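Heads up, the thing below is written out as structure tokens.
Protein chains: 2
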Amino acid sequence: MTGRIRVTRGEIVESEHRVHAVVHGSDGPELVWGDAAFPTTLRSAAKLFQALPLVEDGVADALSMSDSELALCCASHNTETAHVEGARAILARVGLDEGALACGPHRPLHPAAARRLDRDAASPSAVHNNCSGKHAGMLALAVYHGWETEGYHRPGHPVQCRMRTEVARWSDLDPEDIPVGIDGCGIPCYGVPLGRVARAFQRFGAGESEGATRLLDAIGRAPFMIGGTGRLCSKLPEVTEGRIVAKVGAEGVYGAVIRDSGFGVAVKVEDGSRRAVEPALMAVLSSLGALSASELSELEAFCAPDVTNTRGEVVGEIGFVDAGRPAGVVVAAGQGGA
Amino acid sequence: MTGRIRVTRGEIVESEHRVHAVVHGSDGPELVWGDAAFPTTLRSAAKLFQALPLVEDGVADALSMSDSELALCCASHNTETAHVEGARAILARVGLDEGALACGPHRPLHPAAARRLDRDAASPSAVHNNCSGKHAGMLALAVYHGWETEGYHRPGHPVQCRMRTEVARWSDLDPEDIPVGIDGCGIPCYGVPLGRVARAFQRFGAGESEGATRLLDAIGRAPFMIGGTGRLCSKLPEVTEGRIVAKVGAEGVYGAVIRDSGFGVAVKVEDGSRRAVEPALMAVLSSLGALSASELSELEAFCAPDVTNTRGEVVGEIGFVDAGRPAGVVVAAGQGGA
Chain A
1 MTGRIRVTRG EIVESEHRVH AVVHGSDGPE LVWGDAAFPT TLRSAAKLFQ
51 ALPLVEDGVA DALSMSDSEL ALCCASHNTE TAHVEGARAI LARVGLDEGA
101 LACGPHRPLH PAAARRLDRD AASPSAVHNN CSGKHAGMLA LAVYHGWETE
151 GYHRPGHPVQ CRMRTEVARW SDLDPEDIPV GIDGCGIPCY GVPLGRVARA
201 FQRFGAGESE GATRLLDAIG RAPFMIGGTG RLCSKLPEVT EGRIVAKVGA
251 EGVYGAVIRD SGFGVAVKVE DGSRRAVEPA LMAVLSSLGA LSASELSELE
301 AFCAPDVTNT RGEVVGEIGF VDAGRPAGVV VAAGQGGA
Chain B
1 MTGRIRVTRG EIVESEHRVH AVVHGSDGPE LVWGDAAFPT TLRSAAKLFQ
51 ALPLVEDGVA DALSMSDSEL ALCCASHNTE TAHVEGARAI LARVGLDEGA
101 LACGPHRPLH PAAARRLDRD AASPSAVHNN CSGKHAGMLA LAVYHGWETE
151 GYHRPGHPVQ CRMRTEVARW SDLDPEDIPV GIDGCGIPCY GVPLGRVARA
201 FQRFGAGESE GATRLLDAIG RAPFMIGGTG RLCSKLPEVT EGRIVAKVGA
251 EGVYGAVIRD SGFGVAVKVE DGSRRAVEPA LMAVLSSLGA LSASELSELE
301 AFCAPDVTNT RGEVVGEIGF VDAGRPAGVV VAAGQGGA
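Quick mapping for you: the protein sequence lines, in order, are chains A and B. Residue numbering for the first sequence follows our numbering, beginning at 1 and increasing consecutively. Residue numbering for the second sequence follows our numbering, beginning at 1 and increasing consecutively.
Pasting the structure below:
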């Protein structure tokens, strides 16, 4: 049975999202909702695995990369000032500028950052892409290895071959068995069964790679850099002091490492909805008892976010329901108004 | 069995949306996908019913409202110039200005309209809300009847009581049995079983109200005003020369009248996704044979829209699949790149 995220509006259950989730411990799956074999496009939830070569190959040491810079290489960031400056700083250290970035422009995810660009009458460029830290890291990897930087985003380039190998390594799959698509930022992305995603995050947190441990530590010390203001990817390591590190991916994906208990978590919203994936991850973490009462209280807005309207009124709620009642069921009828 | 809208990315089926749909003829349902009892929040798909009092009560004649203005009162518009000026013109005719509008501001749906506001360093205001035509019509109704204009958006106001009665009339329900929420623009919205929605659209097109026929004719003659550039609500009556009139609602809702065959159509995407509702409506219209080959060809982009990325590359497709294979199934693995 899948988990369900329900959207209510006044007296009505308006919409519902189906959620697949797997929690993997060191001995195997501990919790499964829906289909553990669901082939999940990792999208940006792959970024921890994609940043690892920077540490393991020696790039991070050679460039004296800070915790903030390592966290930025794992980020789907808000395009806040520190994120943009961080990506530029990494590029400058390998003799490049933002013109080398292959990711396309998009309006910043953070409303204040978007308004700042509007006010300056500036168009977004590649460095404003939420993946610009990852791309800067990939370019640094290419320069370090003496690979061409041109075309670093393409499937056949050594950078992307290395990324595919890394995803296969942690998912325990043959690279040739991993189906590929092209991500929003232009690099390949990977389809991995959801249970393998959970296992990949579990192994990543289990200490078998010193590089992985260093990356998780870096995110714990610089949580702002992996997302930004108001983002669950930043709030979770901030509130738990690095005990939980999590990474969102587009199309309703989350991966997480619970470092003290050794669990790996993977969540996929079947319809790809962004609004459902944060309440879904919070529901998994709650059901595991992975958060203290005070931590849960600090993260409450992510568990059951309000639905607001253009007048700024709260008109509904998005929240987890474990099972049973289908969407479209009336909460309470005949009240004559909301 | 629900219909399915599938999102593919390269070799991977990435996400899937479940679709409920009902087609109602004069003698009853002709096609049902999923659950005909699904209580569907009408949202903006109620706008035809909400505009009808303007015609039936005599407001349209008293104010000499044009086809364009009547279509605008039914619109979820793009905030293009004609939409904004049209809403202002209706308000001016009843001695009001946009300060009377209760709808909240939001960024225009049409990218060019949004960029124009950005360039002018202007913030959106109430008249830019996609519902400003409907709100202008509601204010005109209030002035015509001598009702207070203040608070016209609230559930207990005579304007909104009239709207609820109108939705109940066409849905063949007791107003007290219709659950209520508050819409994105601040007025009440209504939960109606999906089959009743289809029946309401069927009856609206069946000629039992001269006012309804006049509204449908107006939309057929001024299709731009009900949506705008690139919008299916405008393209359908434009391409079919008014034979099909359709109205989208937020959270994955569509209602439509097929005027020549006398069918009413209602579609609800279970998870509320906007990207799925247009391919879903097109799949219903196709399965009914309601569109000629040349009309279908003109509307092809709505049947299976491309997924593009920030680099402007086509990286996937959104399309209808009738049943069977669940989301997450690999299309073709091991091709070594996309």
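C-beta atoms are modelled at their ideal positions from N, C-alpha and C, and glycine is treated no differently. For clarity, every value in this text was computed on a predicted model and none was experimentally measured.
Backbone secondary structure at residue i - three-state DSSP
i: A/R18; result: strand
i: A/G73; result: Per the sequence presented here, residue 73 of chain A reads as Cys, with Gly not at that position. Looking at A/C73 - three-state DSSP - the assignment turns out to be helix.
i: B/P111; result: helix
i: B/A87; result: helix
i: B/F339; result: With chain B represented from 1 up to 338, any question about residue 339 of chain B goes unanswered, as that position is not in the structure.
i: A/W33; result: strand
i: A/R162; result: helix
i: B/E278; result: helix
i: A/C233; result: helix
i: A/G133; result: helix
i: A/M1; result: coil
i: B/Y144; result: helix
i: A/G99; result: helix
i: B/C303; result: helix
i: B/H295; result: The sequence given here has Glu at residue 295 of chain B, not His. Helix.
i: A/H157; result: coil
Residue i to residue j span [Cα, whole Å]
i: B/V306; j: B/E148; result: Per the sequence shown, the amino acid found at residue 306 of chain B is Asp instead of Val. Spanning the two alpha carbons is a distance of roughly 48 Å.
i: A/I182; j: B/R259; result: 43 Å
i: B/G191; j: B/D118; result: 36 Å
i: A/L281; j: A/F201; result: 14 Å
i: A/H145; j: A/A89; result: 19 Å
i: B/L236; j: A/A102; result: 38 Å
i: A/A45; j: A/Y254; result: 6 Å
i: B/T213; j: A/I5; result: 40 Å
i: A/E176; j: B/E11; result: 13 Å
i: A/A113; j: A/G289; result: 35 Å
i: B/L285; j: A/E298; result: 48 Å
i: B/R18; j: B/G264; result: 20 Å
i: A/T2; j: A/C161; result: 34 Å
i: B/R311; j: A/Q50; result: 20 Å
i: B/S132; j: B/A256; result: 22 Å
i: A/A283; j: A/K247; result: 16 Å
i: B/D174; j: B/R164; result: 10 Å
i: A/G25; j: B/V180; result: 45 Å
i: A/G272; j: A/A250; result: 7 Å
i: A/I318; j: A/V7; result: 5 Å
i: B/E270; j: A/R93; result: 49 Å
i: B/D67; j: A/V23; result: 58 Å
Residue i, buried or exposed, once every other Cβ within 10 Å from all chains shown has been counted against 16
i: B/F320; result: buried
i: B/R14; result: Per the sequence presented here, residue 14 of chain B reads as Glu, with Arg not at that position. Per the 10 Å Cβ criterion, buried.
i: B/D35; result: buried
i: A/E278; result: buried
i: B/D172; result: exposed
i: A/S123; result: exposed
i: A/S292; result: exposed
i: B/A121; result: exposed
i: B/T41; result: buried
i: A/R231; result: buried
i: A/G104; result: buried
i: B/T240; result: buried
i: B/R115; result: exposed
i: A/S76; result: buried
i: A/R274; result: exposed
i: A/G252; result: buried
i: A/S234; result: buried
Nearest-angstrom Cβ-Cβ length linking residue i and residue j, presumed shorter than 8 Å
i: B/H110; j: B/T229; result: 6 Å
i: A/E166; j: A/P39; result: Not really, about 18 Å apart at Cβ, beyond 8 Å.
i: A/L91; j: A/E98; result: 6 Å
i: A/L141; j: A/V59; result: 6 Å
i: B/L48; j: B/F302; result: With a Cβ gap of about 20 Å, B/L48 and B/F302 do not count as contacting.
Heavy atom of the ligand HEM within 7 Å of residue i beta-carbon
i: A/W170; result: Absent from the structure shown: the ligand HEM. Ligands present: none.
Beta carbons nearer than 9 Å to chain A: which residues of the segment 12-46 of chain B have them?
Within the segment 12-46 of chain B, the qualifying residues are I12, V13, E14, S15, E16, H17, R18, H20, D35, A37, F38, P39, T40, T41 and R43.
Against chain B, which members of the segment 259-274 of chain A pass a CB distance test of less than 7 Å?
So the list reads E270, D271, G272 and S273, given in the order they occur along the chain.
Under 7 Å (Cβ pairs) to chain B, residues found in the segment 90-114 of chain A:
Contact annotation: in the segment 90-114 of chain A, residues whose CB is within less than 7 Å of a CB in chain B are C103, G104, P105 and H106.
The segment 293-325 of chain B: positions lying closer than 8 Å to chain A by Cβ
Considering only beta carbons, the part of the segment 293-325 of chain B lying closer than 8 Å to chain A consists of N309, T310, R311, G312, E313, V315 and G316, in chain order.
Members of the segment 183-205 of chain A that neighbour chain B once the beta carbon cut-off is set at 9 Å:
Only those residues of the segment 183-205 of chain A whose C-beta falls short of 9 Å from the nearest C-beta of chain B are listed: D183, G184, C185, G186, P188, C189, Y190, G191, P193 and L194.
Would you list, in chain order, the members of the segment 110-141 of chain B that have their beta-carbon closer than 8 Å to a beta-carbon of chain A?
For the segment 110-141 of chain B, the set of residues with a beta-carbon nearer than 8 Å to any beta-carbon of chain A comprises D118, R119, A121 and N129, in chain order.
Check each residue of the segment 153-168 of chain A: if its Cβ is closer than 7 Å to any Cβ of chain B, include it; give the result in chain order.
For the segment 153-168 of chain A, residues whose beta-carbon sits nearer than 7 Å to a beta-carbon of chain B comprise P155 and G156.
Which of the residues in the segment 239-254 of chain B, read from start to end, lie with their CB under 8 Å from any CB of chain A?
The residues in question are E251 and G252.
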